[in-house]
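I have placed the structure first, in the form of structure tokens, so that the comments after it can refer back to it.
Numbering (this note's numbering), first residue to last: 1 to 423.
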């Protein structure tokens with residue numbers, strides 16, 4: 001068992017592998033610690049991974065499951081519930097050409113069971129919740145997590161409670177309630193919802209996947225890095241463009257690359273030790289505490305009140321904001337913000353050049369990629385991976401009015417007349 005204990009990110013105090021999330025000494029966040037042994041045969045380990053299940057549990061050795069009673073081991077988890085992962089990594093040559101870049105890949109995580117990357121983190125959190133004996137799962141969500149927790153609860157027969165801002169996009173509300181969860185709309189923004197759930201966490205014997213199980217939950221995001229590296233032939237990209245909400249996804253993707261690099265699983269075309277990718281974060285201007293801090297040279301993020309169409313990124317007080325700032329700077333990357341109009345343009349650009357319809361968060365990342373390319377900050381020879389985290393059908397209002405259709409009578413003459421006008 002590689003997973004060892006929980007550890008405070010700040011003071012490094014150690015804790016048992018229980019439902020804990022904050023250090024009682026310095027109040028820093030807890031994270032999962034591992035004791036990996038360096039593999040003697042890299043080829044054998046690669047083959048074992050490739051021979052694993054077609055979902056995130058092929059990486060069970062790098063995830064925080066203890067195995068054994070009272071819950072599932074990694075292998076059993078691969079056959080129950082809603083296993084996530086193994087989503088497409090698509091070479092986007094038309095998008096690259098449009099931006100003047102050589103090589104762009106799109107990691108389309110909208111291909112998960114509930115159409116967002118949240119299925120990865122929920123799969124890990126729920127598996128750990130079952131190992132710890134919880135019978136009720138819950139979350140605070142801006143939408144995608146709500147969909148995922150409700151669906152996983154239904155698949156596994158677990159009672160679930162989902163707390164969301166009351167003004168969430170209708171598509172995400174409908175795609176949550178249909179699973180039979182107890183859906184609670186809160187009059188306030190995500191930070192208000194999260195504060196309420198933190199209070200409830202102290203009073204209820206529930207597994208709040210992104211609060212008391214957050215150390216395990218966050219580990220699921222590493223599987224995006226594992227898949228990208230495996231799909232690129234055990235090599236790293238030169239740059240990843242990733243949306244930032246809490247900052248957890250951004251930092252955990254980098255951690256996943258680092259773990260495999262340290263174990264020797266990754267190759268470099270030059271034969272030297274592979275360098276970690278430049279990590280470029282993407283936020284909406286209407287909720288950009290990390291981008292603002294990056295631009296100002298600050299080490300902490302000033303909380304903001306969200307006002308953006310990118311509601312899945314609307315976290316005004318990001319828990320992992322300082323770590324995202326440190327990572328962007330250390331990796332030679334950046335954190336940028338784009339306007340709502342640029343977000344809509346990003347959704348359209350990705351759809352027109354790749355055939356992938358993304359939600360507003362993907363519009364943010366695509367627009368930031370376009371901005372970086374326009375400013376000349378991306379070397380034309382870089383291999384860039386654009387991380388798309390959710391499906392466009394979740395945020396249909398964002399594209400309303402962005403294109404025109406024509407209406408005709410069922411005759412060739414009517415079509416010819418309309419086509420002439422359109423031309």
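Beta carbons: idealized from backbone N, C-alpha and C, even for Gly.
Closest by CA to residue i, which one among the options?
i, options, result
"residue 426", "373, 174, 57", "Any property of residue 426 remains undetermined from this structure, which presents the chain solely from 1 to 423."
"residue 326", "280, 48, 153", "280"
"residue 64", "403, 343, 219, 130", "219"
"residue 310", "298, 338, 301, 349", "338"
"residue 480", "85, 97, 316", "The structure shown does not extend to residue 480, since the chain spans only 1 to 423, so no value can be given for it."
"residue 164", "103, 173, 158", "173"
"residue 16", "144, 215, 160, 115", "215"
"residue 392", "376, 377, 350", "350"
"residue 194", "407, 149, 227, 319", "319"
"residue 128", "377, 152, 177, 204", "152"
"residue 123", "183, 33, 221, 168", "221"
"residue 274", "235, 404, 408", "235"
"residue 53", "87, 323, 192, 417", "87"
"residue 482", "240, 32, 406", "Any answer about residue 482 is impossible in this case: the structure gives the chain only from 1 up to 423."
"residue 355", "399, 94, 149, 59", "94"
"residue 196", "246, 139, 182, 170", "139"
"residue 359", "352, 373, 344", "344"
"residue 374", "14, 96, 159", "96"
"residue 158", "348, 191, 180", "180"
"residue 431", "135, 117, 22", "The requested residue 431 is not part of the displayed model; the chain covers only 1 to 423."
"residue 30", "42, 9, 24", "9"
"residue 405", "37, 307, 419", "419"
The alpha helix (DSSP H) that contains residue i, what's its start and end?
i, result
"residue 191", "190-201"
"residue 336", "Element bounds for residue 336: not the alpha helix (DSSP H) but the beta strand (DSSP E), 334-338."
"residue 304", "Unbroken run through residue 304: none, as it is neither H nor E."
"residue 263", "248-263"
Kindly give me the distance between the Cβ atoms of residue i and residue j, rounded to whole angstroms, as I take these residues to be in contact under 8 Å.
i, j, result
"residue 237", "residue 282", "Not a contact, Cβ separation roughly 16 Å."
"residue 321", "residue 289", "6 Å"
"residue 19", "residue 207", "7 Å"
"residue 427", "residue 253", "A query on residue 427 cannot be resolved here, the shown segment of the chain reaching from 1 to 423 and no further."
"residue 82", "residue 113", "4 Å"
"residue 6", "residue 370", "The Cβ separation is near 40 Å, so there is no contact."
"residue 346", "residue 364", "7 Å"
"residue 381", "residue 46", "The pair is not a contact, with the Cβ atoms about 27 Å apart (cut-off 8 Å)."
"residue 287", "residue 256", "In fact, because the Cβ distance is near 25 Å, the residues do not count as touching under 8 Å."
"residue 44", "residue 397", "Not really, about 50 Å apart at Cβ, beyond 8 Å."
"residue 132", "residue 162", "Not really, about 20 Å apart at Cβ, beyond 8 Å."
"residue 89", "residue 228", "6 Å"
"residue 291", "residue 213", "Contact flag wrong, Cβ pair sits at about 28 Å."
"residue 49", "residue 230", "7 Å"
Could you spell out the range, first to last residue, of the beta strand (DSSP E) harbouring residue i?
i, result
"residue 34", "30-34"
"residue 243", "239-243"
"residue 280", "278-284"
"residue 405", "Segment: none, residue 405 is in no beta strand (DSSP E) and carries neither H nor E."
"residue 369", "Careful: residue 369 lies outside any beta strand (DSSP E), inside the alpha helix (DSSP H) at 360-374."
"residue 182", "182-186"
Going by DSSP in three states, residue i sits in which element: helix, strand or coil?
i, result
"residue 388", "strand"
"residue 171", "helix"
"residue 41", "coil"
"residue 416", "helix"
"residue 24", "coil"
"residue 50", "helix"
"residue 10", "coil"
"residue 18", "coil"
"residue 341", "helix"
"residue 329", "helix"
"residue 288", "coil"
"residue 74", "With a pLDDT of 49 at residue 74, under the threshold of 50, the modelled position of that residue is not reliable, and the figure given next carries that caveat. If DSSP states are grouped into helix, strand and coil, residue 74 belongs with the helices."
"residue 320", "coil"
"residue 346", "helix"
"residue 381", "coil"
"residue 69", "Here the model assigns residue 69 a pLDDT of 35, short of 50, so the residue's position is not dependable, and the following value carries that caveat. If DSSP states are grouped into helix, strand and coil, residue 69 belongs with coil."
"residue 421", "helix"
"residue 398", "helix"
Give a yes or no on whether the minimum CB-CB distance between residue i and chain B is below 8 Å.
i, result
"residue 122", "This model lacks chain B altogether; it includes just one protein chain."
Handout entry: Length at least 4, wholly inside the segment 84-167: the alpha helix (DSSP H) runs in chain order
Key = Qualifying alpha helix (DSSP H) stretches, in chain order: 93-99, 118-131, 144-156.
Problem - Entirely enclosed beta strand (DSSP E) segments - the segment 200-230, minimum 3 residues - result: Complete beta strand (DSSP E) runs here, min 3: none at all.
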